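Chains as they are written, first to last, in our numbering: chain A, -6 to 288; chain B, 2 to 375; chain C, 3 to 246.
Don't be surprised by glycine CBs; every beta carbon is placed ideally from N, CA and C.
Since the structure is predicted, the reported quantities are computational estimates derived from the model, not experimental observations.
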Amino acid sequence: MGFFVAQLISAIKLGSIYALVAIGYSIVYSIMGMINFAHGELLMIATFALWSLLNAGLSFGLAVILSILITVLFGVLIERVAYRPIRKAGESTQIITSLAVSIFLEAVCQAIFNSSSKALIIPEFFSRTFKIYGATVSVIDVVTFASTVILTIVVVLILQKTRIGKAMRAVSDNPEASDLVGIDKNKVITVAFIIGSVLAAFAGILYSGKYTSFSNDMGFMLGVKAFIAAVLGGLGSLTGAVAGGYIMAVLEVFFSGYLPQGTASFQTTFTFLVLILVLLVRPNGLFGSNNWKRS
Amino acid sequence: MKTQRFTDNSLFRFLMVILVPLAIILLVHFKAGNYYESILILFFINLILAASLNLTNGITGIFSLGQAGFMALGAYIGSILTLSESTKDTMVSKMPQWLKQFQLPFWAALIVAACVTMIIAGIIGFAILRAKGHYLAVITLGMVIVIKSVLDNASSLTNGSRGISGMTKYSTLPVVIITALISLFILYRFRTSAYGRSMIALREDEDAAASLGINHRTIRLMSFMISAFFAAVGGCLWAHLQRTIAPSLFYFDETFTILEMSVLGGMASLSGAIPGAAVLTFLPQLLANFSTGFTIFGIHVPQINGLTNIVTSVLFIIMIIFRKEGITGSSEYLVGTLFSSSTYTGLFRKQTYLDFAHAFTRKNRSEKNKGEPQ
Amino acid sequence: MLKVTNLSISYKKINAVRNISFEVREGEIVSLIGSNGAGKTSTMRTISGLIKAKSGSILYEGKELIGASPAQIVSAGIVHVPEGRQVFSKLSVGENLELGGYLTRNKKIRQERMDYVFDLFPILKERIHQKAGSLSGGEQQMLAIGRARVTGSRLLLLDEPSLGLAPIIVEQVFEVIQTLRNNGMTILLVEQNAWDALQICDRAYIMESGEIVLSGTGQEVAENEDIRRIYLGGKETWVSSLHN
């Protein structure tokens, strides 16, 4: 029992990170029709910003807020500089450009901070632990899950209730018709990047806070996995992004926990095989109705 | 008189595309040291890898990021086949006995590795090729992750993340040049065949191609498999140049390097692989001299980590902004010159030499005119 | 109100429209009539800013519209209902109408306009929470026109509103167009259904391969022998019987 609960808890905290990143992919994809391969690098930016600010002696709360702002700034800047000029270009140009941005950011980060892995020192409070059904849980695990729930609800509310949120859904539904009612696409895309960046910043900080060590290549792999989670759930579906994130994490964690001795290390292989199988059966993902609504 | 572009002149083509490079190769081979020769070998291997990616990404329009994975398969299968029983016994002791004893000469190993990889690519492609665009890009990237994970963990075959080493250096300059020429020739013939033309039709307009009776699934799968075949050839050669391989060498970095070569050179043509591979092979070597810090105009620039990555990614971005189609675009001038008979038969015609000489005198005259005040 | 002068449009390297000039005056219904590919839709899309003109000028109440973004054109007071009833199919009917008022930040004004639309199309009020994609073709066309009305624009560009609708619904749509005009809207109508369009319009322009070949009042154009032969031909008999 204890082992199962422990597995479940680690799946939930990993899944929360995937879900936060996957929502960002999903929002940008449904509005621009492109995958931002550099999205994962936003996690890296948030983490390195926080690490630098803490090293500079700022208080933890202030450093977190500032690093989120810095991440948002980068997110918006990337869209402005790299993606706006190629918005109407073909898919392969978009893939190449966002990969180039990703490589560039990682390389610059390596040049500034070098590629050795670093440790994030978070306040002692977050690493306090307690027991649930015999499994150890730390405060940051609870914070990770709670942040994901709260942020997801906030995103849903923005999309359902606010003027800009409705405009975002309109653009993703019918770009031309949204032009014709006077929706400014640039503004909608900027807001999509702001939301994606905030979520990515949280994901980056929570991830590095949990695993305490990080390096400049932390973002890409996480990004690819979260993206696959978003595809699994159904790109463009918010429910899908969240569900996909948790399913991905459950598969990964439980494969490594429960596969027989000798095959457990193949967890990544098995996870991807399951995902490919799912996509063969349901090419649009599990919740792929391309809908923001939870239906 | 029929006007002919000077660059179409057979003599010019022969000189620039065949003779000059040949001279450089011979010079490096006989005069320069081992270091330069191995860079040149690397260039020809990269050339094969970039050309193999161009076939899918640029010519058929299947955007794959999986080349590093196929390269890894080629490298591993090839190496296991060429290593001697005693080497395998000490390094990968858990390997099945029959495989330990199984040893092939290099050329046979190269072909077997490429064929096995092609079959694996066929199975993978059958499953994933219904995806397109962004989806396919990510799924093929996922494939690279899976292949690395398998190589990392199937330690009874691969020695895990420590990798295998001790291969003989079969990838000498003549070997890689011959292999690169044969590879380019096959790819070029394939591109100019009816199949190749259907691939281009498929890239341009899928619906129209389908209405012409082109079976897009077959064509896409075929292109994916052939591409994997040559990626494996490149990987196998690479393994027998470096003589030591590990799963982590065939991961995202290698994926991007191949993609950068392909995009910089020009994805839409096989010829693009030549300048692409040249830039991405020689530039990092050049930059390596600066990576420990240097002084320019009296200002000392300190050591920059990952300078190569920064320079290549900036180059990459500049290229996308200003010349999206890459250095060669869709022109097959380079590869076409290499393999078309007119280049060689033209050398036996008097007119070729007259045109060539004529172009020079005309050029000189116009330069003279420019110099004189009106 | 709207004055188009020497407008040329290239679309995918083809000259879709060559040097056309026409005018829409306040309170009029003006039809652009022509066969498929005559350049009517390109003209409409250029006026609403979706595609760029090659040369010429489009003046709306004295202001040049060439180079303005679709959003600027909507806020200037021109709204375009494109061909094929482009509603936000995954959003509710209410949200669709609300988005019509995207640039109208004043909630009260927006609500007044929505109420007007609900008066015009009571069916939309019944279906306010339904997804727009679940409506019938005719209802979607009404929603698209209603959404355009909520923008508060005074010039309505209607592209093929009768396309693919049952004859009885077509009749309703043409009635709505007249009602809108009577309530102060100016309408530029593109139609292949030439007969119906000529019946309700004040003036009409005939387009052929990117050029305007004939213009006049709806009556004059309808009586032109060539036009009768080419555009009204076989249709005349059954369409007119429907109207009488």
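What do you get for residue i, buried or exposed, if any count of 16 or more other CB atoms within 10 angstroms of its CB means buried?
i, result
"P169/C", "exposed"
"P163/C", "buried"
"L27/B", "exposed"
"A112/A", "exposed"
"D208/B", "exposed"
"Y11/A", "buried"
"V74/A", "exposed"
"A289/B", "exposed"
"E255/B", "buried"
Among the candidates the options, whose CA atom is the shortest distance from the CA of residue i?
i, options, result
"G67/B", "P248/B, A155/B and L260/B", "L260/B"
"T159/B", "G79/B, V145/B and L188/B", "G79/B"
"V175/C", "H131/C, A199/C and G186/C", "A199/C"
"V217/A", "D206/B, S162/B, A278/B and A138/B", "A138/B"
"A233/B", "S65/B, F64/B, C116/B and I140/B", "C116/B"
"I143/A", "S9/A, I2/A and T264/A", "S9/A"
"T183/A", "F41/A, G238/A, F67/A and L43/A", "F67/A"
"G102/C", "K92/C, G86/C, R27/C and H82/C", "H82/C"
"N226/C", "S211/C, E213/C, Y207/C and G212/C", "Y207/C"
"H30/B", "T173/B, M72/B, L100/B and S53/B", "T173/B"
"F378/B", "N55/B, T8/B and A240/B", "Absent from the model: residue 378/B. The displayed extent of chain B is 2 to 375, so no value can be given."
"V151/B", "M168/B, A211/B and G70/B", "G70/B"
"S331/B", "A51/B, I246/B and G59/B", "G59/B"
Check whether chain A comes within 8 Å of residue i, counting only Cβ atoms and requiring the distance to be less than that.
i, result
"F230/B", "no"
"K95/B", "no"
"Y136/B", "yes"
"R112/C", "no"
"S314/B", "yes"
"K92/C", "yes"
"L105/C", "yes"
"V95/C", "no"
"R131/B", "yes"
"H82/C", "yes"
"L34/C", "no"
"S136/C", "no"
"V73/C", "With the sequence shown as reference, residue 73/C is identified as Ala, and Val is not the correct amino acid for it. At least one chain A Cβ lies under 8 Å of A73/C."
"V176/B", "no"
"N290/B", "no"
"G236/C", "Low local confidence applies: a pLDDT of 46 at G236/C is under 50, so the model's placement there is unreliable, with the coordinate-based value given in what follows. It does not: the Cβ of G236/C has no partner Cβ on chain A nearer than 8 Å."
"E253/C", "Residue 253/C lies beyond the residue range present for chain C, which begins at 3 and ends at 246; the question has no answer from this structure."
Could you spell out where the alpha helix (DSSP H) holding residue i opens and where it closes?
i, result
"H289/A", "Coverage of chain A is limited to positions -6 through 288, which leaves residue 289/A absent and any answer about it impossible."
"I157/C", "The identity of residue 157/C in the sequence shown is Leu, whereas the question assumes Ile. From DSSP, L157/C is part of no alpha helix (DSSP H) but of the beta strand (DSSP E) over L157 to D161."
"G59/B", "That residue, G59/B, is in no alpha helix (DSSP H); it is neither H nor E in DSSP."
"H131/C", "Careful: H131/C lies outside any alpha helix (DSSP H) and carries neither H nor E."
"A196/C", "A196 to I202"
"A229/B", "H217 to Q243"
"M144/C", "G139 to V152"
Would you give the residue range spanned by the beta strand (DSSP E) that residue i belongs to?
i, result
"N8/C", "L4 to Y13"
"F123/A", "T122 to I125"
"S57/C", "S57 to Y62"
Would you list the one or two residues that DSSP bridges to residue i?
i, result
"F317/B", "Beta-bridge pairing links F317/B to no other residue."
"K111/A", "F207/A"
"L191/C", "S33/C and L160/C"
"G218/C", "A206/C"
"F24/C", "V6/C"
"E66/C", "L61/C"
"E213/C", "E210/C"
"H82/C", "L159/C"
"T129/A", "K124/A"
"S94/C", "K133/C"
How about residue i: is its C-beta nearer than 8 Å to some C-beta of chain C?
i, result
"N167/A", "yes"
"G162/A", "As written in the sequence, residue 162/A is Arg, which differs from the Gly given in the question. For R162/A, the answer is yes, since a Cβ of chain C falls inside 8 Å of its Cβ."
"K154/A", "no"
Cβ of residue i less than 8 Å from any chain B Cβ?
i, result
"E84/A", "yes"
"V217/A", "yes"
"A93/A", "yes"
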